Amino acid sequence: MESKDDVRFENVNEDLLVSNIKRHLMSRDDKIKLEAVQFLLIYLEFKTSGNDDTSQNVCDRFIEADIVEYLGEAMATQDSILLREILKCLEFFLNSEKFSTQIRAAYVVECMQRTLYFLFKQSQKELSTANDALRLLAVFIEEFNKNLTLKQLFGNNANISQVLSLVMSILKNKEELGDEIIINASLVLYSLFSQSDPALTNCDFLREVPDVIQKSLASLALLCNSKDFERICAKIIALMAKIGSGALRYAIMVLSCHIFC
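Under the working numbering, the first residue of the sequence shown carries the number 728, and numbering increases by one thereafter.
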């Protein structure tokens, strides 16, 4: 028996679908944008629910049609529901290698940074969306870093330092923000340190690293007293080990920095 979605998407003209989604994403009305993103999300879920090759091909077609760029522009919104739906769509596109090209990856990370700065300036009600965005930023950086250097991804060391500043700001306000956000902020930190990268040998950048790592480890250690400790225990321990190993590697780089700078 065919589902409603089977019937709904059986003979979809994807060129027309892409054109309509783009047109709606350019609207000034966030409700219209939301309808377009939600329809795209349903379509992606339907098309990517089976064969992996089919999943990648569908994502490839939308990426080649510049949907990612349109979604990035639509992230400049105060509508948290719209933002969450856009984040879900972007996560789908990780199925495609075309998503990780330098220009596109750099653009996505830039949009994510901009969105996070906005969300953390808002009221407590936006923390759920901020947490989702923070988690996804960590995923994106780690995934993109497999094929791109941090300099390619961020453009310059100043942008990397901005991410570190954001992480530090979150860690300083851990009592207000909650355990999950602390974990995801630390995941962003780890994603930056997941591979050795020439960009991280910049002396000014390295001077910021030890303090951020110390704050991250201290914050994670405090979570051991959390009511939710059993639920997040394994994640915390694994993350502390990863950040700790990264800290050792970068301690050596800092030492080299002091010797040669």
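Cβ atoms here follow ideal geometry from the backbone N, Cα and C, with glycine treated the same way.
Keep in mind it's a predicted model, so treat the numbers as computed, not measured.
Quick check on residue i: buried or exposed, where buried means 16 or more other Cβ atoms within 10 Å of its Cβ?
i: Ile-769; result: exposed
i: Met-1001; result: The chain is shown from 728 up to 988; residue 1001 falls before or after that span and cannot be answered.
i: Ala-885; result: exposed
i: Asn-740; result: exposed
i: Arg-831; result: buried
i: Leu-743; result: exposed
i: Ala-857; result: buried
i: Asn-872; result: buried
i: Asp-756; result: exposed
i: Lys-760; result: buried
i: Ala-912; result: buried
i: Ala-945; result: exposed
Apart from the five residues just before and just after residue i, which ones in its own chain have a Cβ nearer than 6 Å to its Cβ?
i: Val-745; result: Ala-792
i: Lys-749; result: Tyr-797
i: Lys-825; result: Asp-787 and Ile-790
i: Gln-889; result: none
i: Ala-763; result: Ile-748, His-751 and Leu-752
i: Thr-804; result: Asp-757
Could you name the residues of the same chain whose beta carbon sits closer than 7 Å to that of residue i, not counting the 5 residues immediately before and after it, in chain order?
i: Phe-819; result: Leu-771, Thr-775 and Cys-786
i: Gln-829; result: Leu-875 and Gln-879
i: Gly-799; result: Tyr-834, Val-835 and Cys-838
i: Leu-814; result: Asp-859, Ala-860 and Leu-863
i: Met-802; result: Leu-810, Ile-813, Cys-838 and Thr-842
i: Phe-867; result: Val-835, Val-836 and Met-839
i: Leu-846; result: Glu-853, Thr-856, Ala-857 and Ala-860
i: Cys-816; result: Val-764, Leu-767, Leu-768, Leu-771 and Leu-798
i: Lys-901; result: Ile-909 and Ser-946
Quick test of your reading: residue i and residue j, contact by CB under 8 Å. State the CB separation rounded to the nearest angstrom.
i: Lys-942; j: Met-895; result: 6 Å
i: Glu-853; j: Ser-807; result: 6 Å
i: Ile-909; j: Leu-947; result: 7 Å
i: Leu-877; j: Ile-887; result: 6 Å
i: Ser-827; j: Gln-783; result: That belief does not hold up - the Cβ atoms of Ser-827 and Gln-783 are roughly 12 Å apart, past 8 Å.
i: Leu-904; j: Ala-865; result: Not a contact, Cβ separation roughly 15 Å.
Ignore the nearest five residues each way along the sequence and tell me which others in residue i's own chain have a CB closer than 8 Å to its CB.
i: Ser-730; result: Low confidence applies to Ser-730: its pLDDT is 48, below 50, so where it sits in the model is not reliable enough to give any reading.
i: Tyr-844; result: Leu-893
i: Phe-881; result: Ala-833, Val-836, Ile-887, Val-890 and Ala-926
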